[in-house]
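Let me begin by presenting the structure, written as structure tokens, before commenting on it.
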Amino acid sequence: MSTGYIRGNIQERTMEFISTTATATEKLKRLAKTLRKTTGTSLAVALDAVAKQHGYEHWKHVTVCLDQSVSASRSKPLPESLKDLLGRAATRKPASVDSQKAFAQGFVFALDVKDAEELSLTSEYAECDDGWYLAARDLWRGMVHYRDDETGTTLFETQSPEDLASTALDDLQNYRLFRYLGAAAPTSLEEAFKQTRQLSFFPPTHVWLGGKFIDIGEVPEIRVDGQVVFSTTPGFTVLPSDDKRTRFEKFGHLLNAEERALFDRMTAQEQDSLLFQMEKQSPVGQARYKPVQSSVASSWRDAKKI
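Basically this note's numbering = 1-based index in the sequence shown + 1.
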């Protein structure tokens, strides 16, 4: 078992390194807050207690392990077989200048291929199928080094270079990429998420923002205008958007009495999704949004010829 070092106020102690994700850390925080309410203890004491219950020595141990886990994940290189594949892709069919610029300093987001079927783009966005190999560098690093909880192994450790390349290319079929065309790209994840919510009810899986890659699955929560709109904490329910009632009053007349009654029994997420679809069907929505016809399948087939 590898170890990490934690510096205390008085002395340095060697602690066991425990692989720790942002999602797991957020879950521990919520458990600590619950413990604090039920026992009346301070949050600091509750954090330490929860940390010990889950194998850590104290809360500082949790935060250091999280930092070390993030650093270790970012430092893991791509296998040579995948680097070679991406190098050939860049030479054979380079991404456009606009796509390269979007990944390097603009805004690009990925959606699950099924979720993307519900996406409607404005004139400020376009599909970015020519930049697949730029996205693959980041997507594949997490995929090949992900350690399965059941087997304890990674794809890098168990697959041959040929099989790994095939698996990686197959994985690309799970995503579709879109880039921002406007002059003022969002400068924060919160701003980026707010923009994507105007295009799709479903959240992006990954974001490239100002040259930084963000795996949304590793983000504990995202707030927009002070409200939690996304959370990876198990059991956490995202509240409906603040303008839901205004949107319902604007488009609710399109529903009959039976549909309006059904609307009141829907979950908050189902209500938001329905209102979004209704907005797209209105004259204003039809002028603002345009359905996306994907060329992603042909792009992935072309990639497999490399």
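By construction, the Cβ of each residue, glycine as well, lies at the ideal position given by its N, Cα and C atoms. Computed from a predicted model, the values in this text were never measured in an experiment.
Exposure of residue i, with buried meaning 16 or more beta-carbon neighbours within 10 Å
i    : result
D226 : exposed
H207 : buried
A184 : exposed
K84  : exposed
T4   : Confidence is the limiting factor: at T4 the pLDDT is only 43, short of 50, which leaves the residue's position unreliable and the question unanswerable from this model.
D243 : Per-residue confidence for D243 stands at a pLDDT of 46, beneath the threshold of 50, marking its modelled position as unreliable; the derived number appears in the next sentence. Result: exposed.
D150 : exposed
Y176 : buried
V98  : exposed
T268 : exposed
K341 : Residue 341 cannot be examined here, being either before or after the span of the chain that is shown, 2 to 307.
E260 : exposed
P241 : Residue placement at P241 cannot be trusted, given a pLDDT of 49 that sits under 50; the coordinates are not used to answer.
H55  : exposed
Q228 : exposed
R148 : exposed
T39  : exposed
A117 : buried
L68  : The displayed chain sequence assigns Asp, not Leu, to residue 68. D68 comes out exposed.
P221 : buried
S100 : buried
S70  : buried
L263 : exposed
E13  : With a pLDDT of 39 at E13, under the threshold of 50, the predicted position of this residue should be treated as unreliable, though the coordinate-derived value follows. Classification of E13: exposed, given that the 10 Å Cβ count is below 16.
A258 : exposed
R198 : buried
G153 : exposed
G107 : buried
Bridge partner(s) assigned by DSSP for residue i
i    : result
E128 : F179
A186 : Beta-bridge pairing links A186 to no other residue.
F104 : DSSP output for F104 lists no bridge partner at all.
I215 : V208
E222 : S232
Integer Cβ distance of residue i from residue j, believed to fall under 8 Å
i    : j    : result
T123 : C66  : About 42 Å; that fails the 8 Å criterion.
R180 : Y126 : 7 Å
T24  : E219 : 7 Å
V145 : L170 : V145 to L170, Cβ: 12 Å. No contact.
L275 : L200 : Not a contact, Cβ separation roughly 16 Å.
L32  : V51  : 5 Å
F104 : G132 : 6 Å
Q196 : P187 : 6 Å
L87  : C129 : At roughly 16 Å, the Cβ-Cβ gap does not stay under 8 Å, so L87 and C129 are not in contact.
V114 : Q174 : 7 Å
L1   : F203 : Any property of residue 1 remains undetermined from this structure, which presents the chain solely from 2 to 307.
S223 : F231 : The residue you asked about is not Ser; residue 223 is Ile in the sequence shown. About 4 Å separates the two Cβ atoms, so the contact holds.
L79  : R138 : 7 Å
E81  : M16  : That belief does not hold up - the Cβ atoms of E81 and M16 are roughly 34 Å apart, past 8 Å.
Residue i Cβ short of 7 Å to the ligand FAD heavy atom set
i   : result
L29 : Here there are no bound small molecules, and the ligand FAD is not part of this structure.
- Item | 3-residue-minimum beta strand (DSSP E) runs that sit fully inside the stretch 32 to 117, ordered along the chain | Taking only runs of at least 3 residues, the beta strand (DSSP E) segments lying wholly in the stretch 32 to 117 are 108 to 113.
- Could you tell me whether the stretch 40 to 52 touches the stretch 87 to 102, where touching means 3 or more Cβ pairs closer than 8 Å? Because the criterion of three Cβ pairs below 8 Å is not met, the stretch 40 to 52 and the stretch 87 to 102 do not touch.
- Three or more C-beta pairs closer than 8 Å, one from the stretch 155 to 171 and one from the stretch 187 to 202: is that the case here? With contact defined as three or more Cβ pairs closer than 8 Å, the stretch 155 to 171 and the stretch 187 to 202 are not in contact.
- Query: Where in the stretch 135 to 168 do unbroken runs of the alpha helix (DSSP H), each at least 4 residues long, occur, reported from the N-terminal end onward?
  - Reply: Assignment of alpha helix (DSSP H) within the stretch 135 to 168, counting only whole runs of 4 or more residues, yields 156 to 159 in chain order.
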